[in-house]
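Inspection log for the structure reproduced underneath, given as structure tokens.
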Amino acid sequence: MIGWPKIMTVVLVLGVGTCMAATSERETTRIVSLVPSVTEILFALGARDQVVGVSDYCKFPPEAAMLPRAGGLLNPSLEQVLLLRPTLVVLYRAQADVVVKLEQLGVKAAMVSCDTTTEVIRLVREAGAWTGREAEAERVVRELEDGLNALTCATGHLRHPSVLLVISRDATDLAGIYAAGTNSYHGELLARAGGHNVIGEVPVPTVSVSKEQIIRLDPEVIIDMSYGEQA
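Counting from 1, position 19 in the sequence shown corresponds to residue 27 in the numbering used here; the numbering is continuous, with no gaps.
Given below as structure tokens:
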């Protein structure tokens, strides 16, 4: 029969071994994130030291803007990516051709999608697995789900005004306007906040709309989330 002190020794040794393995995994993980939302998630998980490079569009949190740049979302610089010696490069699912090139160069790549809240939550968990921060990922997921449920409860009894939620547009003109569709996390948040999306049910995350269409849709509220001249 093993005595209590011996059991404790075994448990402690196993625990230390697990901890050391997790620490080693975190130290050797080097991520280049070419997706702004992924960059934000990684920072939210406390994985800042594991992010060695970002895209030109990764501007939040402010610390991300100080990291080495690896080009645009759709045209990253493979040379710059390789100089950063990543163990993982994260790209949008539309960048399959870039993934092929990276894998030919021996660099692991992951394609992600974050159009809906379900995909965002799944992405948080994936980021936790990449960085060995599964517990932190579950904490963030709980916070997201609690926030979404609280928003629904707070607005469920209110009148639902018709809303046009503008995601992007030309900086100096009312042109190139893209609005949130219902099949997007923007659209889902709008619905939870008590707004009725004037775009209606569409299978895509964003929809191009003209000034004439906006007049015909006649929304009660227009929310402009575009960067405008600050882009």
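Ideal Cβ placement from N, Cα and C applies to all residues, glycine included.
Cβ separation of residue i and residue j, assumed to be a contact under 8 Å, to the nearest whole Å
i, j, result
"Val-43", "Leu-99", "7 Å"
"Gly-61", "Val-40", "4 Å"
"Val-215", "Tyr-186", "7 Å"
"Ala-188", "Ile-175", "5 Å"
Alpha carbon of residue i to alpha carbon of residue j, nearest angstrom
i, j, result
"Leu-156", "Thr-126", "12 Å"
"Gln-88", "Ala-118", "18 Å"
"Lys-109", "Leu-159", "43 Å"
"His-204", "Val-171", "6 Å"
"Ala-73", "Thr-36", "22 Å"
"Gly-259", "Arg-167", "No answer is possible for residue 259: the residues shown for the chain start at 9 and end at 239."
"Val-21", "Arg-56", "No answer about Val-21 holds up, because its pLDDT of 40 lies below 50 and its placement is not dependable."
"Ile-49", "Ala-135", "7 Å"
"Val-120", "His-165", "36 Å"
"Leu-91", "Val-132", "27 Å"
Counterpart residues of residue i in DSSP-defined beta bridges
i, result
"Ile-175", "Answer is none; Ile-175 lacks a bridge partner."
"Thr-214", "Ala-188"
"Gly-79", "Pro-84"
Reduced DSSP secondary structure (H/G/I, E/B, other) of residue i
i, result
"Tyr-100", "strand"
"Ile-39", "strand"
"Gly-136", "helix"
"Arg-130", "helix"
"Val-229", "strand"
"Leu-22", "Unreliable placement is indicated for Leu-22, whose pLDDT of 40 sits below 50; the coordinate value is still reported in the next sentence. In the structure shown, Leu-22 sits in a helix (DSSP, three-state: H, G or I)."
Distance CB(residue i)-CB(residue j) smaller than 9 Å
i, j, result
"Val-217", "Ile-207", "yes"
"Arg-200", "Thr-163", "yes"
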